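The working numbering numbers the first residue of the sequence shown as -11 and each following residue consecutively. All residues carry an ideal CB built from backbone N, CA and C; glycine is no exception. Fair warning: this is a prediction, and the values are worked out from it, not measured in the lab. The structure under discussion appears below in the form of structure tokens.
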Amino acid sequence: MIAQDRGQLTAFLQGRLTGEYATGAAGKPSGGDAIPVKTYLLESHPPADPDADGHVSCEQTLHELLSEALLRSRCPSRAHPSADRGLFTIEGSYRRRSPVHLYVDFLDARFWLIHTLARSETADWIIGRLTRVGTGLARIALPGQLLETAASLGSVRGLITVHDRRMFGHDGTDPGGTDFMSMQLWGRRSRQVMSLLQADDSLNECLSVSRVHVQYWPDEENREAYCIEDIHCDGRLEARGTSIAAHLHLVDTLRDRVRRNVERIESHYRVSSEGEQGSLSGRSATFRLSRPVGDAAALCDAILSTAPPFRYWGVAMTSSSAYSRMRVLDLSVGGLLDFEITSDFIRVFLPAGSSASTVVRLYATLQRHLDSRVRLIGKDMQDVFELQA
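Okay, structure coming up:
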């Protein structure tokens, strides 16, 4: 379906979510199987011109993204505007056989939403092409704390953890450490079981929440209107249930929390030079590790490899087993970031003009691949992230 406006799109998604479609011309309700609704949280880099119309820039970005050669070859697509500002439908043909529709909402010109009913494999591939390196569009990373607080908005039905340190190899500094651990907890007592596991220090170091399964209803007095959400660490939400409004409310709540933390980091922790003398202003942020790194140079090499999960490119200005310093370009978000790495902490300096999403993404990556108990703190030793509404 080509969306004419947000109201029509909401009604369409509601029908597909529940399997109860709109009444046909003959006056008889039609229906079918319920289809999960997927929503992707993305960040678009703001236009260089502060006076530019953000929505015009977003529209231009969208058309440029759809013109990429591989995307045009495998899934030729075109964008249809709607009567509502900032709402477009991407109509495509995946592998030139399967029709696919994605609904792009950039009413918030920085933090986009893309809704779709497409299969996960198809949607993930298309989103991957739209957010490829150099596009100016990136997926949102959700650290474990944001996932757990999102789950606390409703009733937890499951927690999935993945912790993978294998990229660092075995340096002999931590023979008792865990290189890889994955676990799924299902049921209403998932959080209680997780709390018991986290009380064991030998296990807590590798309990990195990567997905939560939660039942959510925005109105406590109407629990018949709910969604059951899978919230992934890469900013994908997949909804089942009875209410698309509940899903959209949860999406907006999570996006607001991401926005608030990104803007807070940019407001308080950006570093810039001022005046003729080039004096520095701003503050650094520190990732405090729960255990020593072991070899700062090895971590530096992993970060600079350009490969997942870090996906940074840069130059080490100083590198030794005890201390490394470097400047990197975040290939996912597109911003610069300065690092200092020691055995006990990683200090980051966010240059003016860079998105704080690169700090958030680093936080999530460190949790899932280095130290699940890492904390992001300021000079006052307080957590940088604000998790409450």
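Residue span of the alpha helix (DSSP H) that contains residue i, given as start and end
i     : result
L185  : S178 to Q186
R252  : I232 to H256
S378  : Because the chain here runs from -11 to 377, residue 378 falls outside it and cannot be looked at.
R62   : A57 to R62
Q(-8) : That residue, Q(-8), is in no alpha helix (DSSP H); it is neither H nor E in DSSP.
G132  : G132 to A139
D189  : D189 to N192
S345  : S345 to H357
Burial state of residue i, where buried means 16 or more other Cβ atoms lie within 10 Å
i    : result
R356 : buried
F168 : exposed
R224 : buried
W100 : buried
T353 : buried
Q370 : exposed
G341 : exposed
R179 : buried
R177 : exposed
K16  : Confidence at K16 is low in this model, with a pLDDT of 49, below 50, so the placement of that residue is unreliable and no value is reported for it.
G122 : exposed
E31  : buried
R363 : buried
A295 : exposed
D188 : exposed
V44  : exposed
D93  : buried
Residue range of the beta strand (DSSP E) that includes residue i
i    : result
I114 : It is not in any beta strand (DSSP E) - I114 instead sits in the alpha helix (DSSP H) that spans S108 to L118.
L29  : V25 to S32
C215 : C215 to H220
I291 : Taken as a continuous stretch (DSSP letters only), I291 belongs to no beta strand (DSSP E), being part of the alpha helix (DSSP H) at A284 to I291.
A273 : A273 to R276
W301 : Y300 to S307
E212 : Premise fails: E212 is in no beta strand (DSSP E) and is neither H nor E.
F168 : F168 to W174
A126 : L125 to R127
T294 : Note, T294: premise wrong, no beta strand (DSSP E); not H, not E.
R66  : S65 to P69
Beta-carbon proximity check, residue i vs residue j, cutoff 9 Å
i    : j     : result
V347 : A273  : yes
L53  : R66   : no
L378 : A138  : This structure does not reach residue 378, given that the chain is present from -11 up to 377, and the question cannot be answered.
E226 : K26   : yes
A97  : D(-7) : no
V281 : L358  : yes
S331 : A344  : no
V336 : L350  : yes
R361 : S278  : yes
R299 : L324  : no
R73  : L95   : yes
F156 : L75   : no
L134 : V259  : no
F275 : I334  : yes
R245 : Y257  : no
I23  : L(-3) : no
7 Å Cβ shell around residue i - same chain, five flanking residues per side excluded
i    : result
R117 : E56, L58 and L59
Q203 : G142, S143, R145, Y214 and I216
I148 : Q172, S198 and R199
V150 : S170, S196, S198 and R356
D222 : R127 and A129
E212 : T230
A234 : Y204, W205, P206, A213, Y214 and C215
P87  : S81
R154 : D167 and F168
S255 : none
R247 : F99
H68  : I(-10), F76, T77 and E79
Same chain, Cβ closer than 8 Å to residue i, neighbours up to 5 away in sequence not counted
i    : result
H89  : M(-11), I(-10), T77, I78, E79, G80, T104, L105 and A106
T161 : Model confidence at T161 stands at a pLDDT of 44, short of 50, so the residue's coordinates are unreliable; what they give is reported in the following sentence. So the list reads P280, G282 and D283, once near-sequence residues are dropped.
R83  : R62 and C63
N192 : L185, Q186, S360 and R361
W174 : R145, G146 and H201
Same chain, Cβ closer than 6 Å to residue i, five either side skipped, listed in chain order
i     : result
G20   : G7
R315  : G302 and D326
I253  : A344 and V347
T119  : L125, A126 and R127
E328  : R313 and R335
L1    : V25 and I232
V321  : A126, S343, S345 and T346
A(-1) : none
Proximity test, residue i beta-carbon vs the ligand GDP heavy atom, cut-off 8 Å
i    : result
A352 : In the structure shown, the ligand GDP is absent, as is every other ligand, since no ligand is present at all.
Quick one: complete beta strand (DSSP E) runs, 3+ long, within the region 71 to 109? 75 to 82, 86 to 93 and 99 to 104
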